[in-house]
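Visitor: In the UniProt record's numbering, the protein residues as written are 1 to 637.
Dumping the structure here so I can ask a few things about it.
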Amino acid sequence: MEGKKLDRNSIIGFVVIAGLLIWMMLNNINKEKESMANDSEKSQKEQVDTARANTIETAIVDHLEGNDSISEVKLKESLGAFAYSGLLPSAEGGNTELKNEVLTLSISNKGGVIESLVVNDFKRFSSKSDEIVQLIKDRNAQFNLELHTTDNRVLNTKDLYFEPELIKEGENQVLAMRLKASANQFLEFRYVIKPNDYMLDFSIRSQGLSKIVDLSKNPQLDWAMKTYRNEMSVSYENRYTLIAYEYENGKDNSLSPASKLDDKSVKDVSYIAFKQHFFTSILLTDTPFTTAELKSENLIKDEEVDTVFTKQFTAVLPLEYKNGELNYDMNWYFGPSDYKILKSYERNLDKVVPLGWGIFGWVNRYLFIPAYSFISSFSFITHGIAIIIFTILVRLAMSPITYKSYLSQAKMKVIRPEINELNDKFKNDPMKKQQETMKLYSKAGVNPMAGCIPAVLQIPIFYSLFQFFPSAFELRQKSFLWADDLSSYDAVIQLPFTIPFYGNHISLFPLLASIAIFFYMKMTTGDQQMAAPQQEGMPDMGKLMKIMIYISPVMMLFFFNNYASGLSLYYFVSNLITIGIMYVIKNHIIKEGKIKAIIEENKTKQKPKGRFQRKMQEMMEQAQEQQRLKEQQKKKK
Numbered sequence: 001m002e003g004k005k006l007d008r009n010s011i012i013g014f015v016v017i018a019g020l021l022i023w024m025m026l027n028n029i030n031k032e033k034e035s036m037a038n039d040s041e042k043s044q045k046e047q048v049d050t051a052r053a054n055t056i057e058t059a060i061v062d063h064l065e066g067n068d069s070i071s072e073v074k075l076k077e078s079l080g081a082f083a084y085s086g087l088l089p090s091a092e093g094g095n096t097e098l099k100n101e102v103l104t105l106s107i108s109n110k111g112g113v114i115e116s117l118v119v120n121d122f123k124r125f126s127s128k129s130d131e132i133v134q135l136i137k138d139r140n141a142q143f144n145l146e147l148h149t150t151d152n153r154v155l156n157t158k159d160l161y162f163e164p165e166l167i168k169e170g171e172n173q174v175l176a177m178r179l180k181a182s183a184n185q186f187l188e189f190r191y192v193i194k195p196n197d198y199m200l201d202f203s204i205r206s207q208g209l210s211k212i213v214d215l216s217k218n219p220q221l222d223w224a225m226k227t228y229r230n231e232m233s234v235s236y237e238n239r240y241t242l243i244a245y246e247y248e249n250g251k252d253n254s255l256s257p258a259s260k261l262d263d264k265s266v267k268d269v270s271y272i273a274f275k276q277h278f279f280t281s282i283l284l285t286d287t288p289f290t291t292a293e294l295k296s297e298n299l300i301k302d303e304e305v306d307t308v309f310t311k312q313f314t315a316v317l318p319l320e321y322k323n324g325e326l327n328y329d330m331n332w333y334f335g336p337s338d339y340k341i342l343k344s345y346e347r348n349l350d351k352v353v354p355l356g357w358g359i360f361g362w363v364n365r366y367l368f369i370p371a372y373s374f375i376s377s378f379s380f381i382t383h384g385i386a387i388i389i390f391t392i393l394v395r396l397a398m399s400p401i402t403y404k405s406y407l408s409q410a411k412m413k414v415i416r417p418e419i420n421e422l423n424d425k426f427k428n429d430p431m432k433k434q435q436e437t438m439k440l441y442s443k444a445g446v447n448p449m450a451g452c453i454p455a456v457l458q459i460p461i462f463y464s465l466f467q468f469f470p471s472a473f474e475l476r477q478k479s480f481l482w483a484d485d486l487s488s489y490d491a492v493i494q495l496p497f498t499i500p501f502y503g504n505h506i507s508l509f510p511l512l513a514s515i516a517i518f519f520y521m522k523m524t525t526g527d528q529q530m531a532a533p534q535q536e537g538m539p540d541m542g543k544l545m546k547i548m549i550y551i552s553p554v555m556m557l558f559f560f561n562n563y564a565s566g567l568s569l570y571y572f573v574s575n576l577i578t579i580g581i582m583y584v585i586k587n588h589i590i591k592e593g594k595i596k597a598i599i600e601e602n603k604t605k606q607k608p609k610g611r612f613q614r615k616m617q618e619m620m621e622q623a624q625e626q627q628r629l630k631e632q633q634k635k636k637k
């Protein structure tokens, strides 16, 4: 049997089929390459997108936390302006100005806090005569609210950007600074400035943040300030620069201004004052802070070296969420430490002014401040003249006490010869000598304590005035004669060196006051020496008084050289007036012959003994009897 042969058509069919197979194979290879290429491109795109997303997330977190690892420009490039605006609606720099007749503030979008604050119309001591008092500038003050988020992050508002909205409510300017998580989720700092007012309304509020912040961790408010030097004498200013505060429903206290470092933890605090000598910054709250950690650090290492800052103040204040939100109504006071202005707010802010405790503060608040304010209220009376008039009134009011004191000295001077006779007669029997001396005092109508009581009564006046003049804001930068500033020292000579405890200058009013007190003591010490009997076993008072004539003026000269010239002016005028009063009393009112006649007349009268005299006599008789019994027992032995 014969096999089949391939014809032409069969060959053509095989070729076509082979071609189709080859085409299909090539087509499949191309699809696989394309697919592989597409897969590779997709994978690379996914990696890029993931990296970009991670970069964006890191950038947002770093920006919120203040690390600033990526700039705002790069962040906008990564996100796009719209996305950036939606995620961080207020992340832009800038400042908003608030101003009234007495204050000028600049509030920064970053942190939503006061970046600059000027107290209008007040100049600081400076070589530049036009340099005004600026309580906040160049980042000397910090105000930060620390928040804990639900994803265990800590956000500090000082590093975040707020969105400002300035509106007018009547005559008030209202600035709402909002830190937004969304349109309905935000933290707000709200400032309200009123016309001609040093007090700002301030509130901290939140809305819709309960899902963002960790409510189990209370936010912490940190307020800190480095206080600028504003007055001529840095040591004098620093002496009155301190933290004052009110706590537990009206109690007030302060940290020590003299300590290098002082801190205290206080409960239920209603206001905290970072007080400088003549200006103060106060944070008040309607809802008392449950606790406050206060700290004061002295920044002046050497008072002889010119310095920019005086003290560093810090306050750490924990806040509390209520119903998942923050809601605190507060106030800021930035302005003079003026007793009358602070008192006008009726929130116990006048306690910030150091007028003395107890009776000393009472004398200043209800006597000296009203009296001086009345005198200085007349436009034609300068503050130097007002101090002189004020001094005259005080000395005239104290003249009855001066009269009583000198009258007691005159009586003691008259009976001193008799006391000396008793000292000689009973020199071996101290008890008997004391009894006879007391009898003499009683018959003559002389009270040996009468000379001490007037001196004791003058102590509250002396100390109150010592507190009044350094705190009198009215004296700041007011001139009189050679003194340029009655609230600071009146240097007439600048020394090329520094004398320890004295300074590098000579102030004239303290020098004049020291001379006046020298002549006053010279005038009165002779009478005191004649009046005071010498007691056995006691130091010679005459010699001691002679030494004090020279020591007291020198002490005053050193002590007051750096103090307010207004205070030295008061003591100078006061001593001159006292010398005049003593001269009139001594030469025209109280005469020795008349006093002696009165004493002799008193001796002839039978005066009933007072309760105190009877008690003293009984005690002395009992002591004398006990002494007699002891001597008898000694003789028996």
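We treat Cβ as the ideally placed atom computed from N, Cα and C, and that holds for glycine.
The model shown is predicted, which means the values in this text are computed figures rather than measured ones.
How big is the Cα-Cα spacing for Leu179 and Ala273?
Guide: 27 angstroms
Visitor: Can you tell me whether DSSP reads Asp424 as helix, strand or coil?
Guide: Note: Asp424 maps to helix in three-state DSSP.
Visitor: Please report the straight-line C-alpha distance between Ile461 and Pro318, rounded to a whole angstrom.
Guide: 43 angstroms
Visitor: For a test of the three-state rule: what should DSSP assign to Asn364, helix, strand or coil?
Guide: helix
Visitor: From the beta carbon of Phe462, is the nearest beta carbon of chain B less than 8 angstroms away?
Guide: Absent from the structure: chain B. Only one protein chain is present.
Visitor: In this structure, what does DSSP give as the bridge partners for Thr291?
Guide: Lys267
Visitor: Considering just the uninterrupted stretch of the alpha helix (DSSP H) at Tyr372, what are its terminal residues?
Guide: 369-376
Visitor: What residues are listed by DSSP as bridge partners for Ala315?
Guide: Trp223, Leu294
Visitor: Taking DSSP as the reference, what is the three-state secondary structure of Ile459?
Guide: helix
Visitor: Compute the beta-carbon to beta-carbon distance between Asp144 and Asp222, rounded to the nearest angstrom, for a pair I have assumed lies under 8 angstroms.
Guide: The displayed chain sequence assigns Asn, not Asp, to residue 144. The Cβ separation is near 5 angstroms, so the contact holds.
Visitor: Among Ile499, Tyr550, Val573, which one has its Cα closest to the Cα of Leu512?
Guide: Val573
Visitor: Could you tell me which of Ala386, Phe186, Ile595, Phe509 sits nearest to Met556, measuring between CA atoms?
Guide: Selected option, being the one with the closest Cα: Phe509.
Visitor: With distance defined between alpha-carbon atoms, name the residue in Gly170, Met199, Ser206 nearest to Ser182.
Guide: Nearest of Gly170, Met199, Ser206 to Ser182, Cα basis: Ser206.
Visitor: Roughly how many angstroms lie between the CA atoms of Ile381 and Ile551, to the nearest whole one?
Guide: 36 angstroms
Visitor: Beta carbon of Thr391, beta carbon of Tyr570: below 8 angstroms?
Guide: yes
Visitor: Return the CA-CA distance between Phe309 and Glu131, expressed in angstroms with no decimal places.
Guide: Cα to Cα, Phe309 sits roughly 16 angstroms from Glu131.
Visitor: Relative to the alpha-carbon of Asp252, which residue among Lys158, Lys425, Lys267 has its alpha-carbon at the smallest distance?
Guide: Lys267
Visitor: With distances taken from CA atoms, which of Met330, Glu474, Ala315 is nearest Ile375?
Guide: Ile375 has its Cα closest to that of Glu474, out of Met330, Glu474, Ala315.
Visitor: Along the chain, which unbroken stretches of the beta strand (DSSP E) at least 3 residues long are found entirely within the region 152-179?
Guide: 154-156, 163-169
Visitor: Just to confirm my understanding: we take Met438, look at its own chain, exclude 5 residues before and 5 after, and list those with CB closer than 6 angstroms. What are they?
Guide: For Met438, there are no CB contacts under 6 angstroms within the same chain when 5 residues up- and downstream are skipped.
Visitor: Hey, would you say residue 652 sits closer than 8 angstroms to Gln185, going by beta carbons?
Guide: Beyond the ends of the chain as shown, which are 1 and 637, falls residue 652; an answer cannot be given.
Visitor: So for Val573, helix, strand or coil by DSSP?
Guide: Three-state DSSP puts Val573 in a helix.
Visitor: Under a three-way DSSP split, which group does Glu97 fall into?
Guide: In the three-state scheme derived from DSSP, where H, G and I count as helix and E and B as strand, Glu97 is classed as strand.
Visitor: What are the start and end residues of the beta strand (DSSP E) that includes Glu115?
Guide: 114-123
Visitor: Using the rule of at least 16 other Cβ atoms within 10 Å of the residue's Cβ for burial, across every protein chain shown, is Asn561 buried or exposed?
Guide: buried
Visitor: Mapping the DSSP letters down to three states, classify Val308 as helix, strand or coil.
Guide: In the structure shown, Val308 adopts coil according to DSSP, grouped into three states.
Visitor: Can you tell me where the beta strand (DSSP E) with Ile499 in it begins and where it stops?
Guide: 491-499
Visitor: By how many angstroms is the C-alpha of Ile517 removed from the C-alpha of Lys137?
Guide: 46 angstroms
Visitor: Candidates Gly208, Gln434, Tyr271, Phe278: which alpha carbon is nearest Arg239's?
Guide: Phe278
Visitor: Grouping DSSP H, G and I as helix and E and B as strand, with all else coil, what is Ile590?
Guide: coil
Visitor: Between Thr285 and Ser270, is the Cβ-Cβ spacing less than 8 angstroms?
Guide: Closer than 8 angstroms, so yes.
Visitor: If you draw a straight line from the alpha carbon of Ile385 to that of Lys478, how long is it in whole angstroms?
Guide: 11 angstroms
Visitor: Between which residues of its own chain and Ala483 is the CB-CB distance below 6 angstroms, once the five residues before and five after are set aside?
Guide: Asp490, Ser565
Visitor: Which whole-angstrom value describes the C-beta separation of Leu242 and Leu261, a residue pair presumed to lie in contact below a C-beta threshold of 8 angstroms?
Guide: Contact doesn't hold; Cβ gap of about 13 angstroms is too wide.
Visitor: Does the Cβ of Gln626 have 16 or more other Cβ atoms within 10 Å, making it buried, or fewer, making it exposed?
Guide: exposed
Visitor: Within 10 angstroms of the Cβ of Asn230, are there 16 or more other Cβ atoms? Answer buried if so, exposed if not.
Guide: buried
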